[in-house]
Amino acid sequence: MDFAFSEEQTLLRNSVQKFVQNNYPFDTRRQIVKSEAGWKRENWKQFAELGLLGAPFTEEQGGLGGGPIETMIIMEEFGRGLVVEPYLGTVVLAGGFLRHGGSKAQQEQLIPEIIEGKRVFAFAFAEPQGRYNLADLQVTAKKAGSGYTLNGHKAVVVGAPWADTLIVTARTSGGQRDAKGVSVFVVDKKAKGVATRDYPTVDGLRASEVTFENVSVGADAMVGQVDDGLKLVEQVTDEGIAALSAEAIGAMKVLNDTTVEYCKTRKQFGVPIGKFQVLQHRMVDMFMNYEQSVSITYMVTLKLGESETERKKAASAAKVQIGKAGRFIGQNAVQLHGGMGMTDELNVGHYFKRLTMIDTMFGNVDHHLKRYASFD
Amino acid sequence: MNLDFTPAEETFRDEVRQFIAENYPAEIRGKSRGEFTSKDDFLAWHKALYKKGWIAPSWPKEYGGTGWTSTQKYIFSEECARADTPLVLPFGVAMVGPVIYTFANEEQKKEHLPKILSGEVWWCQGYSEPGSGSDLASLKTRAVREGDYYIVNGQKTWTTLAQYADWIFCLVRTDPNAKQQQGISFLLIDMKTPGVTVKPIITMDGAHEVNEVFLDNVKVPVKNLIGKENEGWTYAKFLLGHERAGIAGVARSKRGVEKLKKIAETEQDGGKPLLDDPEFSRHVAELEVDLLALEFTELRTLAGESKGRGPGPEASILKIKGTDIQQRLTELTLEAVAYYGNPYKPFAHDHMTNEYVPGPEYAAGAAQNYFLTRRTTIYGGSSEIQRNIIAKMVLGL
């Protein structure tokens, strides 16, 4: 057993850290978020140059040949900087679909485009009625000739305003919530019948409502097997959960450090408020929440390759711990900063907001507690 | 001990209900405070209550109060919450008003009280400073007497809705050599006086409610001093007591629970209402039980008050539990609406060309509401400070 990082992994972390330091000081991030586009294509180019967009792909595919640990390192550092560019949607999720379920043709065309930064993806899975059930689908894909016709509405598709291409879950057979009958498609955002309405989300990202009206795709647009997509979707979202956990611990670390520093310098009643035992214990609890979250992030990262049940349990366990800790740390970082913690000016609220959205993504604490318990 | 309302009280309830139905201004119905775009929006309900003579139920009758029993006040606040009326802004009616009728001279009472009641003058609160939050008595804003004037210099912060205010009531330091609490005075300042500058603070939900107020050589007539010089801390403490007594927000939270349940009945989870989910309904039930206990704690406090006992340090319980419940309510509402709580709901001051907010109307702004409500355990004496008060004043620790 060994929790040490290899030399290459440390170099990778250093290079992401350097990127965040140089390109993501808080004021710069604020400008990026407020800009018309809401992200910076220049940053995406740098990700390509640094090799980050190729991290999980094999060397034959043109990637770095990394695995879950490399993704964890990148996402953790992105979490520290509150990076908004759609690494999760493009590299982790779309990349995951292509790696695990993509045909040879899809892999050969799309993976190099991801690695070179030429194609950006968003994952359209949620629906207005579906809550966190990945199989609760009203978006349909009906067989039409050799291909399919898509109809329906996807909700809060994070990163869709920036995406060229969508990964879409749709029902090809069965009832609305059947596990069987879910299929996954690659759909060009410019395809006829695809309409988007874009808006900002509270954490500084952008999302869209996406509707499909008789959108025709070829049979070659399907990722994985027809009707059998749910397994693939769960595998990829579990990997997404591991990546989000890493992002979350990056954000938690900043919140904890900032809070401790603030409590050492902010004076009330003639002493730094960090001298008050009630606040000391609160910060100790924040620290323990963080340490437990780091542990569970390592756990899920190392278990992504295990049996399906083990992987699912690990992902749900992580999502529970991260959700609870993110809430505790976020709320208390604000509380201990007092009025200042409430402001848009300070970075504290922004980390809290991101952690809140991470809690919702792919299912909240309650959802994953139930999912975890269902395997016993 | 009994819980029954008398027939007269039931009649009163009907009267209140009818008044609200007929007088709740149409232009602000169904809008939350964040959707108000003008001073008039904020004041519309205030003015309707004023016209009826119901704007200040807790004031003594001689100054314009209603003369209601505490049960009537309770019924009134319940009916207002049930109808989702806006909250009457506390700064005039609930804060500076009671200080004025309790400690000010006749001339000051005549000058200010009628305009507080009518809403003609909008007040804001100049207490907190950048260096003085929980430790309010350390405030540094300085008022130096020069003839018939005080020259005031300093900075106030977290000043709610100062952008609309006509007057500010300020705690200022008049004797820098006295012990902290003993050198403070309570001063009323016209916001139009040269040297008063208001600068917005945007909170993390995107709202502009709070401000910084800069005071730069502001000339304030000595006749604007309330009570005696250097005794302002006594009045401030009196006011903080008042602020706490109303802060439990039980009626509003009860209404909030009703709304949450409606949302959870509409939201679907696996084809069934979310409220049927044992986990979620358990969270709601836990919240309701806590709220029920708080309601009776508040009723006990009210009963004590009507027998002439002040709210006392026990009122800190109302603040701590009341705000905890408000926060959990917004938290559960955000959980109920899942992904649709996260889109940003713009404010007028964002000047966004695209004001599209997707999802059901009840979900819009749920995350922002959750973020904003974090302030409730910070303002008006943080939950930590309230616990200190109980520890010291109630438990004698």
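Residue numbers (the numbering used here), protein chains in the order written: chain A, 37 to 412; chain B, 909 to 1305.
Where is the CB? At the ideal position from N, CA and C, for every residue including glycine.
If you look at Ile1110 of chain B, you'll find it isn't in any beta strand (DSSP E); DSSP assigns it neither H nor E. Sequence-distant Cβ neighbours of Leu1096 of chain B in its own chain, meaning closer than 7 Å and more than five residues away, are Trp1075, Phe1077, Asn1132 and Ile1134. By the neighbour-count criterion, in which a residue is buried when 16 or more other Cβ atoms sit within 10 angstroms of its Cβ, Ala934 of chain B is exposed. Among the residues of the region 366 to 381 of chain A, those with a Cβ less than 7 Å away from any Cβ of chain B are Gln367, Val370, Gln371, Gly374, Gly375, Met378, Thr379 and Asp380, in the order of the chain. Below the 7 Å Cβ cutoff, chain A contributes Arg167 as neighbours of Asp1177 of chain B, in chain order. A direct Cα-to-Cα measurement between Ala1299 of chain B and Met37 of chain A gives close to 49 Å. According to the DSSP secondary-structure assignment, Leu1079 of chain B is paired through a beta bridge with B:Phe1094.
DSSP, read as helix, strand or coil, puts His189 of chain A in strand. Judged by DSSP in its simplified three-state form, Leu1168 of chain B adopts helix.
If you compare the alpha carbons of B:Val1007, B:Ala956 and B:Gln1033 with that of Val996 of chain B, the shortest gap goes to B:Ala956. As for any alpha helix (DSSP H) of minimum length 4 sitting wholly inside the region 104 to 177 of chain A, the runs are 104 to 117, 131 to 137 and 140 to 151, ordered along the chain. In this structure, the CA atom of Leu1207 of chain B is about 40 Å from the CA atom of Ile358 of chain A. With contacts defined by Cβ atoms closer than 8 Å, Lys1017 of chain B and Ile1024 of chain B do not form a contacting pair. For Ser252 of chain A, the enclosing beta strand (DSSP E) starts and ends at Arg242 to Val253. Distance from the Cα of Ser219 of chain A is smallest, within the candidate group A:Ala243, A:Thr185 and A:Ser244, for A:Thr185. Between Val1106 of chain B and chain A, the shortest Cβ-Cβ separation is not below 8 Å. Annotation: the region 1167 to 1252 of chain B contains the following complete segments of the alpha helix (DSSP H) (minimum length 4 residues), in chain order: 1186 to 1214 and 1223 to 1245. Beta bridge pairing from DSSP links Pro236 of chain A with A:Arg242. DSSP, reduced to helix, strand and coil, places Tyr184 of chain A within a strand of the structure shown.
For the region 1238 to 1256 of chain B, residues whose beta-carbon sits nearer than 9 Å to a beta-carbon of chain A comprise Glu1239, Leu1242, Glu1243, Ala1246, Tyr1247, Tyr1248, Gly1249, Asn1250, Pro1251, Tyr1252, Lys1253 and Pro1254. Proximity to Arg1050 of chain B across B:Gly1062, B:Ser1040 and B:Val1104 peaks at B:Gly1062, based on C-alpha coordinates.
Taking 7 Å as the cut-off between beta carbons, the residues of the region 228 to 239 of chain A near chain B are Arg233, Tyr235, Pro236, Thr237 and Val238, in sequence order. Interface annotation for the region 386 to 411 of chain A against chain B: His386, Phe388, Lys389, Thr392, Met393, Thr396, Asn400, Asp402, Leu405 and Lys406, criterion Cβ-Cβ distance under 8 Å.
Taking C-alpha positions only, Gly938 of chain B is separated from Gly103 of chain A by approximately 52 Å. Nearest in C-alpha terms to Lys348 of chain A, of all of A:Phe398, A:Trp198 and A:Gly101, is A:Phe398. Annotated as proximal: Ser281 of chain A and Ile332 of chain A, with beta-carbon spacing under 8 Å. The beta carbons of Arg1282 of chain B and Val370 of chain A sit closer together than 8 Å.
Within chain B, the residues Gly1039, Ser1040, Gly1041, Ser1042, Asp1043 and Ser1046 have their CB atoms less than 9 Å from the CB of Gln304 of chain A, given in chain order. Within the model, the alpha-carbon separation for Gly385 of chain A versus Met378 of chain A is close to 6 Å. Thr1285 of chain B has a beta carbon lying within less than 8 Å of a beta carbon in chain A. At least 8 Å separates the CB of Val128 of chain A from every CB of chain B. Residues of the region 992 to 1009 of chain B with a C-beta atom less than 7 Å from some C-beta of chain A do not occur. Gln1088 of chain B sits close to Ser1046 of chain B, with the two beta carbons spaced by under 8 Å.
Here the alpha carbon of Glu1194 of chain B sits roughly 21 Å from the alpha carbon of Phe1279 of chain B. Closest in C-alpha terms to Asn250 of chain A, from the list A:Asn187, A:Ala206, A:Arg213 and A:Ala278, comes A:Asn187.
No residue range can be given for Asp912 of chain B, since it is assigned to no alpha helix (DSSP H) and is classified by DSSP as neither H nor E.
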